[in-house]
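The structure appears below as structure tokens.
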Amino acid sequence: MTSRWRDLGLAGLGLVLLLLVPVFGAPPAIRDFIMFGMAYGLLAMSLNLLIGYTGLVSFGHAMFFAAGAYAFGLAMQSGKFSIPGAFVLAIGFTALMALIIGAICVRLNEIYFAFLTLAFQMLFYNIILGWVSFTGGDQGLMGGIPRPKFLGIDLADRTQLYVFCSVAFVACIAVLRQIVTSPFGYTLRMIRDNQERAAFLGINVTMVKLACFVMSACVAAVGGILLTLFVSGAYPNFGFWTTSGEAIFMILLGGSNVFLGPLVGTVILRLLNDITVTYTSHTELVLGIVILVLVLGLRKGPLDLLAERWENRRQAKAQAVRDAADKDAQTGRDA
Amino acid sequence: MDLDALLRCVGMTSCVVTQLTSGMIIGMLLFLIASGVTLIFGVLNVINFAHGSLYMIGAYAAWTFYQLTGSYFVSALGAAVAVGVLGVLFERVLMSKVYGSNVLMQLLVCYAVVLISDDLIKIIWGPVPLSMGMPPEFRLPPVRFMGGVIPPFYIFMILAAMAIGLLLWLVIGRTRFGSIVRAAAINGPMVSALGIRVNLYYAAVFGIGSALAGAAGALAAPVRSLTPGMGFSILIESFIVTVIGGMGSIVGAFAASIIIGLTRSFGSIGFPLFVDGVMFLIMALVLIFKPSGLFGRAHR
Amino acid sequence: MLKLENLKKSFGGVSATRDVTLDFADGSLSAIIGPNGAGKTTLFNLITGRFPPDTGRILLAGENIAGLSQRRIVRLGIGRAFQVASLFPTLTVAEALAAAAQAHQRRETLLRSPFPLPATMAQGDEIMELLGLTRVAGILSRNLSHGDQKLLDIGLALALEPRVLLLDEPTAGMGPEERWRMIETVQRLWRARRMTLIFIEHDMDIVFKVAQTVRVLSYGSVLAEGTPDEVRTNPKVIEAYLGKSAHGTSGQGAAV
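Residue numbers (the numbering used here), protein chains in the order written: chain A, 1 to 335; chain B, 1001 to 1300; chain C, 2001 to 2256.
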């Protein structure tokens, strides 16, 4: 069913490919695009752990993205932490936040869950906006992010920053892959498919959902940290409802049933954004229309459609096996 | 946190009157929007995340009609009707396609509509905040009550909203139309099997819910500034109201809107930074102890 | 093994279970029959803890499990298959059984190793073998034929290695030949696992051929119990099924 070695190999290959980009002298625009893609990609991939694998549609996931960003930014600006220290602190803070919010939300049914996560996100957003003295309000964290060297790595250097982010990104993807291919990952699928039956197998559905919620929040936080390092600041819109909406759209666009689907969706969406911006300032209008066409027309992400076709072929083979066995059994009975 | 200011205010009747009224108008606006949300959810089992946009369109429509006709009442009525029609269109063309689908699809359709309407408003009316100003019909001296000062328009708003609420409650509870709607909420296919064109009723319900939002927008226009983002913040609050009051309950929406409205107005004196926090706290408590809301039907 | 004492349950004003007392011996194979609406599924729901009884006790190996959570009751050894198969549509048969086995082995939250764990796959394969599902191992649960779905449903319950297995109409929706194959499978797994097996059934031929004891429910109370022969000749039972003008045994569709 899964091959850990193959996955690790692919991850390594991906990392190598990413690292080759600056080596081959790609223009900064490409590197910037990739950096944005990595940060938002982690947001979308982590959200899909909830939506695609567990069936928990959270519409407020961006709050963890923003929490990681702001916690990291504030920690570095305080001057009391090294980069690795602030990294860990930011993730820890987000995990705690997810634990509390998750404990309240995870038990609720689909609709209430979607909306309550949205509400909590907006609360967080309002706190960021309102606590001007601490967070800079609508201006965001100003004054840049200090980057003291650690372990000989200097993140003020763009290339080293790129390498650092690439490694962090691939590591997170590998972690998500590990989760998804583990027994825990299949428990998530069971909950998504038939929560009642899962409970009937003795699974503690609430605890599993909560664990998943916290884990996905942590990965989203890493995405936020990467973005903060990249843009040298943290801004309230990291945690605005449109960011959550875009993450969901990235998942739809790429496909929620394929592991890397959300990442593909991130790339497609960012391309779409960048292209639209060159022609018109009405990106929202275009995005809205595209969403409608996709939701009402295709009803599934393109990767999902491809995955479906591939799965249908596998099923056809398995069905051939069954039909052969049944025929044998039938002739056995007739004899 | 400035609890002293709050205590001082509570001690003065003038302040109490002012805050009560302002709390009531916030509450009544929320009530109109929340009752639309709760009606649509109760009957169609769909959360209309685009409801805030309908409110916004109502406000802008009222502003435009007012520029054209100079009469506030005509503008307000026109806006409510226009948004109602828009709501029916939205339902027939878009929402009805995702009734059976999971929340994700419904969310995305509404999200798309919000994006599109936000941008269209920016294109047609411009991103600069507009203001309608107080219509001449209401440029009357403020009413003095127990030492407090109440602008006459506020009284109109409160009475209008209550009247609309009462009308809604009567229509749903006491008319044939209302009983069909209530039956469709419980078992749509069954109503259809009785030979009634359920889809028409679904569209009508969506239209009524939208018209309520449009009316709220029209009522808000003289006293709020019109910006393309005005829909969203009130949407979240209306959801909080709906959850606290109970999904599907108009009475619940009424009670909860008053609670939230008063929390906002008194809270802005006593704990301005935490008003949102208190609202969420109330909602969280309700969800923990009575998940179906104060007046809601308990689902399994 | 399983004792029901004075169980009562009402919903609103409707009395679904009226003072039911039944005793199921360890390792027995019994059938519960009765007209539709007699409260058979409600009884299963009470035993598995879907809702607590209003009064009465449910003793599993001497311990009262009435009022415990469904999860606890499942872990204490009561397994159940459903009238309408309750499956995991996107998992293949092999995956679903391995996943159920891993839940039973309490390793469903492991993060370190890949799925499926060898021990859970082994248990899953064994169940597939027992139920004749090996030929459909790679097929997605949602693509299975009706009969195979019912078998998988039983398989998911078996994965918990229950002491008591409840089967709710295992042959529902099947043609005559398929029914007998299903009930043979049920017999086979009963002999292999030596569990206390209780099944709800409407096909009288099957019931009388296969069950050791038969309990008849009607309107929420126990109408009769005993060996198949005793029950089939019991006048009250005949009346409940066929009305006063009774003629011998019934075929399919006798339960009205």
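The beta carbon of each residue, even a glycine, is placed where N, CA and C say it ideally should be.
**Item:** Under 9 Å by beta carbon: chain A residues contacting C/ILE2139
**Value:** C/ILE2139 reaches chain A at GLN315, ALA318, GLN319, VAL321, ARG322, counting residues in chain order whose Cβ is nearer than 9 Å.
**Asked** In terms of residues, what are the limits of the beta strand (DSSP E) holding C/LEU2223?
**Response** 2221–2226
**Prompt:** Name the chain B residues whose beta carbon is nearer than 9 Å to that of A/ILE248?
**Reply:** What A/ILE248 touches in chain B: LEU1104, LEU1107, LEU1108, TYR1111.
**Request:** Could you list which residues in chain A have their beta carbon closer than 9 Å to that of C/LEU2156, in chain order?
**Result:** Result: ARG197, PHE200, LEU201.
**Asked** Does the stretch 250–262 of chain A come close enough to the stretch 209–225 of chain A to have 3 or more Cβ pairs within less than 8 Å?
**Response** no
**Prompt:** Does B/ILE1236 come within less than 8 Å of chain E when only Cβ atoms are used?
**Reply:** Absent from the structure: chain E. Protein chains present are A, B and C.
**Whole-angstrom C-beta distance between C/ASP2168 and C/ALA2085, which should lie under 8 Å** = Between C/ASP2168 and C/ALA2085 the Cβ distance is about 10 Å, and since that is not below 8 Å, they are no contact.
**Item:** chain A residues whose Cβ lies nearer than 8 Å to that of C/HIS2104
**Value:** LEU201, GLY202
**Prompt:** At a Cβ threshold of 8 Å, is C/SER2015 touching chain A?
**Reply:** no
**Helix, strand or coil at A/LEU151 [DSSP, three-state]** = coil
**Request:** Alpha carbon to alpha carbon, how far is C/GLY2173 from C/HIS2146? Give it in angstroms, no decimals.
**Result:** 8 Å
**Request:** For my contact list, C/ILE2032 and C/ILE2238 are in at a C-beta cut-off of 8 Å; report their separation, rounded to the angstrom.
**Result:** Rounded, the Cβ-Cβ distance is 17 Å, inconsistent with contact.
**Request:** Could you check the C-alpha separation between A/SER133 and A/VAL88 for me, to the nearest Å?
**Result:** 24 Å
**Prompt:** Mind pulling the alpha helix (DSSP H) runs of 4 or more residues that sit fully within the stretch 2145–2228 of chain C?
**Reply:** 2146–2158, 2176–2193, 2204–2210
**Prompt:** In terms of residues, what are the limits of the alpha helix (DSSP H) holding A/GLU311?
**Reply:** Where A/GLU311 is concerned, the enclosing alpha helix (DSSP H) stretches over 302–334.
**Asked** Any beta-carbon of chain A closer than 8 Å to the one on B/PHE1153?
**Response** no
**Prompt:** Is there a Cβ from chain C that is less than 8 Å from the Cβ of A/LEU8?
**Reply:** no
**Message:** I want to check one thing, is the minimum distance from the CB of A/ILE91 to the heavy atoms of the ligand HEM below 7 Å?
**Reply:** Absent from the structure shown: the ligand HEM. Ligands present: none.
**Asked** In chain A, which residues lie with their C-beta within 9 Å of the C-beta of C/LEU2107?
**Response** Before going on, a small fix: residue 2107 of chain C reads as Arg here, not Leu. Here the neighbours are PRO183.
**Message:** Tell me which residues of the stretch 2069–2092 of chain C have at least one Cβ-Cβ distance to chain A shorter than 8 Å, keeping chain order.
**Reply:** GLN2070, ARG2071, VAL2074, ARG2075, ARG2080, SER2086, LEU2087, PHE2088, PRO2089, THR2090, LEU2091, THR2092
**Message:** Just to check my reading of the structure: C/THR2042 and C/ILE2073 have Cβ atoms closer than 8 Å, yes? What is that Cβ distance to the nearest angstrom?
**Reply:** No, C/THR2042 and C/ILE2073 are not in contact; Cβ-Cβ is about 16 Å, not under 8 Å.
**Prompt:** Which word fits B/MET1146, buried or exposed, when buried means at least 16 other C-beta atoms lie within 10 angstroms of its C-beta?
**Reply:** exposed
**Request:** Using only alpha-carbon positions, find the residue among B/TYR1072, B/PRO1151, B/THR1018 that is nearest to B/ARG1264.
**Result:** B/THR1018
**Request:** Determine the DSSP secondary structure at B/PHE1041, reduced to helix, strand or coil.
**Result:** DSSP places B/PHE1041 in helix when its eight states are reduced to three.
**Prompt:** What in chain C is Cβ-close to A/ASN194, meaning under 8 Å?
**Reply:** SER2086, LEU2087, PHE2088, PRO2089
**Message:** Per the DSSP calculation, A/VAL295 is bridged to which residue(s)?
**Reply:** DSSP lists no partner for A/VAL295.
**Request:** Kindly list the residues whose CB is nearer than 8 Å to the CB of A/GLN315, restricted to its own chain and excluding five residues on each side of it in sequence; keep chain order.
**Result:** Setting aside the 5 residues that flank it on each side, A/GLN315 has no residue in the same chain whose C-beta is closer than 8 Å to its C-beta.
**Message:** Could you pull the DSSP bridge partners for C/ALA2081 from this structure?
**Reply:** C/ALA2081 is bridged to C/LEU2167.
**Asked** Along chain C, which residues have their Cβ under 8 Å away from the Cβ of A/VAL258?
**Response** The premise fails here: A/VAL258 is roughly 13 Å from chain C at the closest Cβ pair, so nothing lies under 8 Å.
**Message:** Using C-beta distances below 7 Å, list every residue in its chain close to A/MET1, excluding the 5 sequence neighbours before and after it, in chain order.
**Reply:** Confidence is the limiting factor: at A/MET1 the pLDDT is only 47, short of 50, which leaves the residue's position unreliable and the question unanswerable from this model.
**Prompt:** What residue ranges within the stretch 219–260 of chain A form continuous alpha helix (DSSP H) runs of no fewer than 4 residues, ordered along the chain?
**Reply:** 241–254
**Prompt:** Are the beta-carbon atoms of C/PRO2052 and C/LEU2007 separated by less than 8 Å?
**Reply:** no
**Limits of the unbroken beta strand (DSSP E) element including C/THR2019** = What sits at residue 2019 of chain C in the sequence shown is Asp, not Thr. Taken as a continuous stretch (DSSP letters only), the beta strand (DSSP E) holding C/ASP2019 covers 2014–2024.
**Item:** Distance, C/ALA2119 Cα to C/PHE2011 Cα
**Value:** 43 Å
**Asked** Rounded to the nearest angstrom, how far is the Cβ of A/GLY55 from that of A/ILE225, given a contact under 8 Å?
**Response** In fact, because the Cβ distance is near 28 Å, the residues do not count as touching under 8 Å.
**Request:** Just confirm the distance between the C-beta atoms of B/GLY1231 and B/SER1075, as a whole number of angstroms; I'd bet it's less than 8 Å.
**Result:** So it is not a contact: roughly 19 Å between Cβ atoms.
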